[in-house]
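Chains as they are written, first to last, in our numbering: chain A, 1 to 146; chain B, 147 to 525; chain C, 526 to 724; chain D, 725 to 1091.
C-beta atoms are modelled at their ideal positions from N, C-alpha and C, and glycine is treated no differently.
These numbers were taken from a predicted model, which means no experiment stands behind them.
Data first, discussion second: the structure below is written as structure tokens.
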Amino acid sequence: MTVALSGKEIARQLEEKFPGSTVQTDESSALVQDKSLLQTADFLKNSPELGLNYLNFVTAVDYFDYFEVVYRISSLEHNHWFTLKTRVYDREDPVLPSVVGIWKGADFQEREIYDLMGIKFENHPNMKRIFLWDGFPGHPLRKDYL
Amino acid sequence: MVLLDPAVNPELPNALPPDWPGDMLGISGFWWHWLIFTLIIIIFVLTMVMAVIYIERRGMARMQSRLGPNRTGPFGIFQPVADAVKVLLKENIVPGTADKLVHWLAPVVAFAPALLIFAVIPFGNGALLADLNIGILYVVAVSSVSTVGVFMAGWGSSNKYSLLGAMRNVAAVVSYEIPLVLAVVGVILIAGSLSMNQIVLAQDIPFILLQPLGFFLFFTAGCAEINRSPFDLMEADSEIVAGFHTEYSGMKFAMFYLVEYAEAVAVAAIITTLFLGGWRGPLLPPWFWFVIKVVAVFFLMVWTRSTLPRVRIDQLMAFAWKFLLPVALINLFVTAVQVLAWPDTLPWVVVPINFAVMAVLILLWAKIFYKVGWGRLEV
Amino acid sequence: MEISRAENRIYSDKELDRIEGQVIEELRQSSQEAIPDPDKWLDEEIEKNIFLTTVDAIINWGQRSSLWTAICFPACCAFEFIAANGPRFDLSRFGMEILRASPRQADLMITAGTLTWKMAPNVRRIYNQMAEPKWVIAMGACAISGGIFASSYSVVPGYNRVIPVDVYVPGCPPRPEALIYGIQMLQQKIAKKSLARKG
Amino acid sequence: MALRTEPFVLNMGPVHPSTHGVFRMRATLDGEVVLDIEPVFGYLHRGVEKLAEQRTYTGFIPLTDRMDYLASMSNNLGYCLAVEKLAGVKIPERGEYLRVIMAELQRLASHLVAVGAFLNDCGAYFTPFLYMFREREKIVDLFEMVSGQRLTYNYMRIGGVSQDIPEEFLPAMDKFLATMPGFIDEIDRLLKENEILLARAKGVGVLSSENAIACGVSGPVLRSTGIKWDIRKADPYSIYDRFDFEIPTGEAGDCYDRYRVRVEEMRQSLHILNQARKDIPEGPVRADVSHLVRPPAGEVYGRIEAPKGELGFYLVSDNSIAPYRCHVRPPSLINLTPLREMVRGWKVQDLIIIFGSIDITMGEVDR
Chain A
1 MTVALSGKEI ARQLEEKFPG STVQTDESSA LVQDKSLLQT ADFLKNSPEL GLNYLNFVTA
61 VDYFDYFEVV YRISSLEHNH WFTLKTRVYD REDPVLPSVV GIWKGADFQE REIYDLMGIK
121 FENHPNMKRI FLWDGFPGHP LRKDYL
Chain B
147 MVLLDPAVNP ELPNALPPDW PGDMLGISGF WWHWLIFTLI IIIFVLTMVM AVIYIERRGM
207 ARMQSRLGPN RTGPFGIFQP VADAVKVLLK ENIVPGTADK LVHWLAPVVA FAPALLIFAV
267 IPFGNGALLA DLNIGILYVV AVSSVSTVGV FMAGWGSSNK YSLLGAMRNV AAVVSYEIPL
327 VLAVVGVILI AGSLSMNQIV LAQDIPFILL QPLGFFLFFT AGCAEINRSP FDLMEADSEI
387 VAGFHTEYSG MKFAMFYLVE YAEAVAVAAI ITTLFLGGWR GPLLPPWFWF VIKVVAVFFL
447 MVWTRSTLPR VRIDQLMAFA WKFLLPVALI NLFVTAVQVL AWPDTLPWVV VPINFAVMAV
507 LILLWAKIFY KVGWGRLEV
Chain C
526 MEISRAENRI YSDKELDRIE GQVIEELRQS SQEAIPDPDK WLDEEIEKNI FLTTVDAIIN
586 WGQRSSLWTA ICFPACCAFE FIAANGPRFD LSRFGMEILR ASPRQADLMI TAGTLTWKMA
646 PNVRRIYNQM AEPKWVIAMG ACAISGGIFA SSYSVVPGYN RVIPVDVYVP GCPPRPEALI
706 YGIQMLQQKI AKKSLARKG
Chain D
725 MALRTEPFVL NMGPVHPSTH GVFRMRATLD GEVVLDIEPV FGYLHRGVEK LAEQRTYTGF
785 IPLTDRMDYL ASMSNNLGYC LAVEKLAGVK IPERGEYLRV IMAELQRLAS HLVAVGAFLN
845 DCGAYFTPFL YMFREREKIV DLFEMVSGQR LTYNYMRIGG VSQDIPEEFL PAMDKFLATM
905 PGFIDEIDRL LKENEILLAR AKGVGVLSSE NAIACGVSGP VLRSTGIKWD IRKADPYSIY
965 DRFDFEIPTG EAGDCYDRYR VRVEEMRQSL HILNQARKDI PEGPVRADVS HLVRPPAGEV
1025 YGRIEAPKGE LGFYLVSDNS IAPYRCHVRP PSLINLTPLR EMVRGWKVQD LIIIFGSIDI
1085 TMGEVDR
């Protein structure tokens, strides 16, 4: 059985390393500041006892006030998983750093989020629409689309 | 041609076989022969193509555990006719960016050689259009011309898939021509003649027994030259759409379709003539034996087509240069030694020797080839 | 013979993407109405003479007995088409086992699957590349009306927005038997065609 | 004379005989050698995730059928498990067994198509493909008995399955289970040791295990690199912890290994099916759950080992009858991530079989 890592425990480690990075936690997830997303992700992946090097998926949820981007990561070796979340509040031009450098599997999924939700990922090697065509009006998975 | 006509050139008294028709209606027998056999060849090729298309579709369908065409006419035998009617009446499209002249000429250039080969194939004793004393050389020379047509099609279509397919075809033909000719030379050594009719007459036992390796080499190289599986890279459906005839439709596509099968029939006919004793056989009339053998060889091609996966282009090249060529050279050497040792007639003991040579060579080279040609070559 | 291999990345070809997007948008704007089905002539009576009837009969026989299918299988229904081609339902009995990968040589387009606006220009192009005479069978609910996905933002509600359709085969997906019935309907339709008639 | 060559761009797809639907690649070629490709998706993007927000929880099940249309049962199972996890539903024993039986039959059917399509891409002119389809028809018949559909089954419901199996089902399945091992042996005899197939597929398109993990690859593609990772074992869902089966793995991570892993997985699926057939209890097949499920607010990620890989559903609920957000983790899309690195430097023909050996379904890639 794959074990969920405790959000509190991870948040404690994160706070130790990068003070002020976590915003809130629950039993299996931690919400981090978008500024400290990259360093926390890097820590989660490369820390030997965590070793969360397998990205299950990235997705985004539109909560009207903000977009929540969810990174579900796990380790095949230790057989545990964790959910990393971050929020972006700007509806007009939401921007987040890309995690492609850390988890290569995020490549198409970040493009998908950009296409359907409209969140731009900085430093992504090929940030353009993936499913819809150039010139499609709007981002359909936003709650205010249609 | 006029110089060969004995009516014009009396210095050729015995150039023609005795059963040629005499003068009729004021036209010399030479021209009657020419006319009749041209018609026979055209009709033969067209009907054989229809027949082998039917055989291939039915046979392959059975190998793939289905039925094959059986609704058009009794047992579906009119299926190729229906296909022909339909294809000939389809719209003819020439792409806007195509090289028009080349695009138009390509099917003709590809089709003519396939027909020309049959000029020297004997259907019975002496029953052939032209008993050239360099028959087999003529076949080898003419058959390569259709590659020009294929390359014209690839170039003229202004389509990348076409060009890729045509390039592959040229590469394959250039490589496989050599083992093909070397395999033929073995037969020529034993028969002592280049004339197709003489080669058949020399086969008291079919040369497949004396030259098993030659048969194998010729069959493989022949399959590669006419794009039959497993060497059908030039029109590989799953890779480059339809190869060199991607942009062809209607009548011109029909020509290419015809060429594909006419060449298969031609290779089968050459194999029959060189290795299977041509028209020779007991009881049945000679032409019937000939047709039976051609169909049998063609069936072998259908069988390989529906069984084997396709090879890659570099493996195709490696197979020609690293496997077929050395083996063909050794085969030629062994045959030459045998012909030197028994100058008049080869004894029966040669048959097991040659089969043993074939087995040893193939096994040995398979081991060596495994080392030198396995997997990927540097590009 | 040296080419610098590292330089030849084709990523981020912005211009190409923009043009393709434009083509899609233009097609979307221009095809809001369904193209009428080409079947008006089925009820017409025309004057027949013996010569034309015989020629018609032979041509129609040839055309309906060897319908070669173009490869255009976007989605789920494709597998019912392959199943129909497979050993059990066996379309090869009708001489239809030849799938022409090149649309130039095909007669019949079986549109098996949902059509999205992004795909629409390509389908239109394949249809235009096919040589006359050509027919289209709309296979499945998505091909007829958009089906279960009709309310989606990117789905074309039916192939007849883009290309004229001859026969509609309903189902989601249609069973192979239904497809074969549809093909037989198309064969009956071809049998009524005449050279004397326009269109 | 100095020979000047330059690379050219070949556009493959979206309509191409071996792009398994409507995948498109812009390939930059140097003669026959692939320098680079750019995958282009979206030709079958139907907006499934948006449609999910407009439907009820139960109403979304038919749409899951049409995502990975070669493995509809697995999709149903994955989605239903996610909703049940969210709503806290307990499924009756017989329902669980039926689900496992359907999922494993579906894995067999999907792998049959995958192996057949791969061999077809290698150029074996339709023959293996049609043999696989002959066997697949038997599985489709079984599905048709229980659901009345041949491709999009819509069989599972939240809380179980939609209806009990007819009494002819188990005898028919016994017959199938008796003949299928012989068929797998038969195709192995035909092609496992075929020299041309070995030359074409061995060592071609190698994916290292590090790269596979970095790219988030899952399913047979991941296992072919030598990693023993199967969600049925690692994170057992439904009742998979009761069955005994092996996880077949490859060594090199090349096309041939991917093909072999699929064939071996078919044998393991048969093994599971035999066990499930023996133990299947009597009883109800569906828990007493309303069709209008109203799960408590929250979020859940349910995942299963689908034939193509890890299929997951990430659901966010706001205590209404429709999911607030439904994200599908598509194994096909994510398995394509390393494709660019795998094909660089290989020939066009290899590009086709490397792509074919990953085994994707466009309905799932684009959704």
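Quiz item: Exposed or buried, residue 713 of chain C, counting other C-beta atoms within 10 Å across all chains shown (16 or more means buried)?
Solution: Residue 713 of chain C sits exposed, since fewer than 16 C-beta atoms from the chains shown fall within 10 Å of its C-beta.
Exercise. Quick one: grab the DSSP three-state call for residue 418 of chain B.
Key: Residue 418 of chain B: helix per DSSP, three-state reduction.
Quiz item: So, does the CB of residue 751 of chain D fall closer than 7 angstroms to a CB anywhere in chain B?
Solution: When Cβ-Cβ separations below 7 angstroms define contact, residue 751 of chain D makes no contact with chain B.
Quiz item: Are residue 105 of chain A and residue 939 of chain D close, meaning C-beta to C-beta below 7 angstroms?
Solution: Cβ distance < 7 angstroms, so residue 105 of chain A and residue 939 of chain D count as in contact.
Quiz prompt | Any alpha helix (DSSP H) of 4 or more consecutive residues that is wholly inside the segment 795 to 870 of chain D | solution = Correct list: 796 to 811 and 817 to 845.
Self-check item: Proximal residues of chain D, C-beta to C-beta of residue 211 of chain B below 8 angstroms
Solution: 854, 855 and 858, listed in chain order.
Quiz item: Do three or more CB pairs link the segment 777 to 786 of chain D to the segment 757 to 764 of chain D at distances below 8 angstroms?
Solution: By the Cβ rule, the segment 777 to 786 of chain D does not count as touching the segment 757 to 764 of chain D, because fewer than three pairs are nearer than 8 angstroms.
Self-check item: residue 473 of chain B to residue 512 of chain B span [Cα, whole Å]
Solution: So the alpha carbons of these two residues sit roughly 11 angstroms apart.
Practice problem: Would you grab the beta carbon distance between residue 456 of chain B and residue 847 of chain D for me? Rounded to a whole angstrom, and I think it's under 8 angstroms. | Solution: About 3 angstroms separates the two Cβ atoms, so the contact holds.
Quiz item: For residue 595 of chain C, does the three-state DSSP call read helix, strand or coil?
Solution: Strand, per DSSP.
Quiz item: In the DSSP assignment, what are the bridge partners of residue 464 of chain B?
Solution: For residue 464 of chain B, which the question treats as bridged, DSSP gives no partner whatsoever.
Quiz item: Mind checking if residue 385 of chain B is an interface residue toward chain D, Cβ cutoff 7 angstroms exclusive?
Solution: Residue 385 of chain B counts as touching chain D.
Exercise. Leaving out five residues on either side along the sequence, give the residues of the same chain with a beta carbon under 6 angstroms from the beta carbon of residue 159 of chain B.
Key: Any reading at residue 159 of chain B is ruled out, since the residue's pLDDT is 44, under 50, leaving its predicted position unreliable.
Quiz item: Residues of chain B with CB under 9 angstroms from residue 562 of chain C, in chain order?
Solution: Near residue 562 of chain C there are no residues of chain B at all, since even the closest Cβ is about 21 angstroms away, more than 9 angstroms.
Practice problem: Would you kindly report the start and end of the unbroken alpha helix (DSSP H) that includes residue 714 of chain C? | Solution: Here the alpha helix (DSSP H) through residue 714 of chain C covers 701 to 716.
Quiz item: Hey, which unbroken runs of the beta strand (DSSP E) at 3 residues or more fall wholly within the segment 211 to 264 of chain B?
Solution: Here no run is fully enclosed.
Quiz item: Taking the DSSP output, what are the residues bridged to residue 1051 of chain D?
Solution: In DSSP, residue 1051 of chain D forms a bridge with D:1038.
Quiz item: When the cut-off is 7 angstroms and only beta carbons count, does residue 229 of chain B lie next to chain C?
Solution: Between residue 229 of chain B and chain C, the shortest Cβ-Cβ separation is below 7 angstroms.
Quiz item: With a Cβ-Cβ cutoff of 7 angstroms, do residue 595 of chain C and residue 634 of chain C count as a contact?
Solution: Yes, Cβ-Cβ distance for residue 595 of chain C and residue 634 of chain C is below 7 angstroms.
Exercise. State yes or no: is the C-beta of residue 608 of chain C within less than 7 angstroms of the C-beta of residue 698 of chain C?
Key: Cβ distance not < 7 angstroms, so residue 608 of chain C and residue 698 of chain C don't count as in contact.
Practice problem: Going by CA-CA distance only, name the one from C:646, C:679, C:681 and C:561 that's closest to residue 692 of chain C. | Solution: Nearest C-alpha to residue 692 of chain C: C:561.
Self-check item: Those runs of the alpha helix (DSSP H) which lie wholly inside the segment 425 to 483 of chain B and span at least 4 residues
Solution: The segment 425 to 483 of chain B is shown to contain whole alpha helix (DSSP H) runs of 4 or more residues at 432 to 453 and 459 to 464, in chain order.
Exercise. Return helix, strand or coil for residue 789 of chain D, following the three-state DSSP convention.
Key: The answer is helix: DSSP assigns residue 789 of chain D an H, G or I state.
Quiz item: Does the beta-carbon distance from residue 305 of chain B to residue 393 of chain B come in below 7 angstroms?
Solution: Yes; because the gap between Cβ atoms is below 7 angstroms, this pair is in contact.
Quiz item: At a Cβ threshold of 7 angstroms, is residue 57 of chain A touching chain D?
Solution: Taking Cβ atoms only, chain D reaches closer than 7 angstroms to residue 57 of chain A, which makes this a yes.
Quiz item: According to a CB-to-CB cut-off of less than 8 angstroms, which residues of the segment 454 to 479 of chain B neighbour chain D?
Solution: Listed in sequence order: 454, 455, 456, 457, 458, 459, 460 and 461.
Quiz item: If you drop the 5 nearest sequence neighbours on each side, which residues of the same chain put their C-beta closer than 7 angstroms to that of residue 1016 of chain D?
Solution: Same-chain partners within the cutoff: 780 and 1045.
Exercise. Taking 8 angstroms as the threshold, find out whether the segment 423 to 440 of chain B comes into contact with the segment 358 to 370 of chain B through three or more Cβ pairs.
Key: Cβ pair count under 8 angstroms is below three, so no.
Self-check item: Of the listed residues A:117, A:100 and A:126, nearest to residue 1049 of chain D (C-alpha basis)
Solution: Of A:117, A:100 and A:126, the residue nearest in Cα terms is A:117.
Quiz item: Roughly how far, in whole angstroms, is the beta-carbon of residue 451 of chain B from the beta-carbon of residue 924 of chain D, given that I think they are within contact range, below 8 angstroms?
Solution: At roughly 16 angstroms, the Cβ-Cβ gap does not stay under 8 angstroms, so residue 451 of chain B and residue 924 of chain D are not in contact.
Quiz item: With a CB to CB cut of under 8 angstroms and the five nearest residues on each side skipped, what residues in its chain are close to residue 184 of chain B?
Solution: Excluding positions up to five away in sequence, the list reads 275.
Self-check item: Host beta strand (DSSP E) of residue 71 of chain A (start-end)
Solution: 67 to 75 is the span of the beta strand (DSSP E), which, as asked, contains residue 71 of chain A.
Self-check item: Own chain residues within Cβ distance below 8 angstroms of residue 953 of chain D, not counting five before or after
Solution: 942, 946, 947 and 971.
Quiz item: Using a Cβ-Cβ distance under 7 angstroms, would residue 659 of chain C count as near chain D?
Solution: Among the residues facing chain D, residue 659 of chain C is not included, as its CB has no counterpart in that chain under 7 angstroms away.
Exercise. Report, in whole angstroms, the separation of the C-beta atoms of residue 824 of chain D and residue 860 of chain D, which I expect to be a contact under 8 angstroms.
Key: Incorrect: roughly 20 angstroms between the Cβ atoms, too far for contact.
Quiz item: Run through DSSP, which three-state label would residue 902 of chain D get?
Solution: In this structure, DSSP gives residue 902 of chain D a helical state, which the three-state scheme calls helix.
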